[in-house]
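Visitor: Protein chains in written order, with this note's numbering: chain S, 1342 to 1433; chain P, 1342 to 1433; chain V, 1342 to 1433; chain B, 1342 to 1433. The beta carbon of each residue, even a glycine, is placed where N, CA and C say it ideally should be.
There are 4 protein chains.
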Amino acid sequence: MQDDNKREIINRLRSIQGHLKGVERMVEEDQYCMDILAQTRAVERALQKLDGVILRNHLNTCVTTAIQGDSPAERERVIGELMLVFEQSDKL
Amino acid sequence: MQDDNKREIINRLRSIQGHLKGVERMVEEDQYCMDILAQTRAVERALQKLDGVILRNHLNTCVTTAIQGDSPAERERVIGELMLVFEQSDKL
Amino acid sequence: MQDDNKREIINRLRSIQGHLKGVERMVEEDQYCMDILAQTRAVERALQKLDGVILRNHLNTCVTTAIQGDSPAERERVIGELMLVFEQSDKL
Amino acid sequence: MQDDNKREIINRLRSIQGHLKGVERMVEEDQYCMDILAQTRAVERALQKLDGVILRNHLNTCVTTAIQGDSPAERERVIGELMLVFEQSDKL
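#1: Please list, in chain order, the chain V residues whose beta carbon lies closer than 9 Å to that of aspartate 1392(B).
#2: The alpha helix (DSSP H) spanning valine 1368(P) covers which residue range?
#3: Is asparagine 1398(V) close to chain B? Criterion is C-beta to C-beta, closer than 8 Å.
#4: Going by C-alpha to C-alpha distance, which of Gln1389(P), Thr1405(P), Arg1386(P), Cys1374(P) sits closest to glutamate 1415(V)?
#5: For a test of the three-state rule: what should DSSP assign to glycine 1421(V), helix, strand or coil?
#6: Put aspartate 1411(V) into one of helix, strand or coil per three-state DSSP.
#7: What is the C-beta distance between isoleucine 1350(P) and leucine 1400(P), in whole angstroms, given that I count them as a contact (C-beta under 8 Å)?
#8: Contact criterion: CB-CB distance below 8 Å. Does methionine 1375(P) meet it with respect to chain D?
#9: For the alpha helix (DSSP H) containing isoleucine 1381(B), name the first residue and the last one.
#10: I'd like to check one pair, isoleucine 1377(B) with valine 1368(B): are the Cβ atoms closer than 8 Å?
#11: So, do the segment 1414-1428 of chain P and the segment 1345-1363 of chain V have three or more beta carbon pairs nearer to each other than 8 Å?
#12: Use the C-beta contact count for serine 1412(S): other C-beta atoms within 10 angstroms, 16 or more gives buried, fewer gives exposed.
#13: Taking 8 Å as the threshold (beta carbon to beta carbon), is glutamine 1343(P) in contact with chain S?
#14: If we define contact as Cβ-Cβ less than 8 Å, is glutamate 1428(S) a contact residue for chain B?
#15: Taking threonine 1405(P) as the query, report the chain V residues whose CB atoms sit under 9 Å from its CB, ordered along the chain.
#16: Note down, in chain order, each residue of its chain lying with its Cβ closer than 6 Å to the Cβ of valine 1419(B), except the 5 sequence neighbours on either side.
#17: Which residues in chain V sit within 9 Å of glutamate 1365(B), going by Cβ to Cβ distance?
#18: Who are the neighbours of aspartate 1411(B) on chain V, taking C-beta pairs under 9 Å?
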């Protein structure tokens, strides 16, 4: 992991935990369920942005190295991993 | 919010925060980025399950009350809210 | 199905089939794969809009009737169906 | 596009159009809206599988060539395109 990415990812993870602490309070205070749902979904969007940071780092480092390298098996491995990430994102 | 739902939701929120703490450690320890991504996605799935609990509670309480009630405006309001939740899930 | 919804849904289905015919031509003509992917995803978005039309119709008719009716089993059935639709949208 | 991929993609596109023709008939015959929705979603899943075929082809050809090539700008371009595809899949 590149160092600035590492710092950014940890900051995002902490901010998301703080956000969830706030959602917990909303539930304790019996706030309207659709308002609570709006917040859990905001957290999911924040996690998806985090996924984007992790993935871009991965493409720029491990994937690039593997594809430029001499091992066809290693190339196939990273491409297979990328396919899995895409397939998991499929929503239905 | 029904009381047992409230308890369940808070427990899920705490467990998710614990999971994210663990992801933070993985990043600090420079673990493989695809393993980290697998964990953030597991957290997103856990949040989506939580959304399901909130939504089912909402359908059984607020939505049922509104649709059984006398106000067409209120009925339209809850249906509009549900449509928003669906549309947000769809964004491609 | 309300009549104007029925007409709208059929029109959307035909327009989507025309769109897919166009994608087929792009593949035959060996166009750039990312341009083809952009079009299949546009079709998926169009289908999701169609889903929204179907769902709104469903909420305004079957769901409203069931929730206003006297049968708790029927109420539970429509709510269970809605939950399934939401859960399917979420798969990560 | 590799030739066998091309054939597979065109076959899938035609089968999806046939599926949609069938959905059109279901609407004409006033079938239950949740059964229609189940079919439009099956079509969306079929399109997402098609996206997977296109993307795997893209990774094995254009992306591999660009990353193995000498142009950093070209490498950045294909990685940027991949990031866009991922971000679009984000559901919320």
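Guide: In terms of the structure at hand:
#1: Leu1378, Thr1381, Arg1382, Glu1385
#2: 1344-1369
#3: yes
#4: Thr1405(P)
#5: helix
#6: coil
#7: At roughly 15 Å, the Cβ-Cβ gap does not stay under 8 Å, so isoleucine 1350(P) and leucine 1400(P) are not in contact.
#8: Of the chains in the structure shown, none is chain D; the protein chains are S, P, V and B.
#9: Checking the sequence, you will find threonine at residue 1381(B) rather than isoleucine. Threonine 1381(B) -> alpha helix (DSSP H) spans 1374-1399.
#10: yes
#11: no
#12: exposed
#13: no
#14: yes
#15: Ile1408, Arg1416, Ile1420
#16: Val1404, Ala1407
#17: Ile1350, Ile1351, Leu1354, Arg1355, Gln1358
#18: Residues of chain V passing the Cβ test: none, with the nearest at roughly 21 Å.
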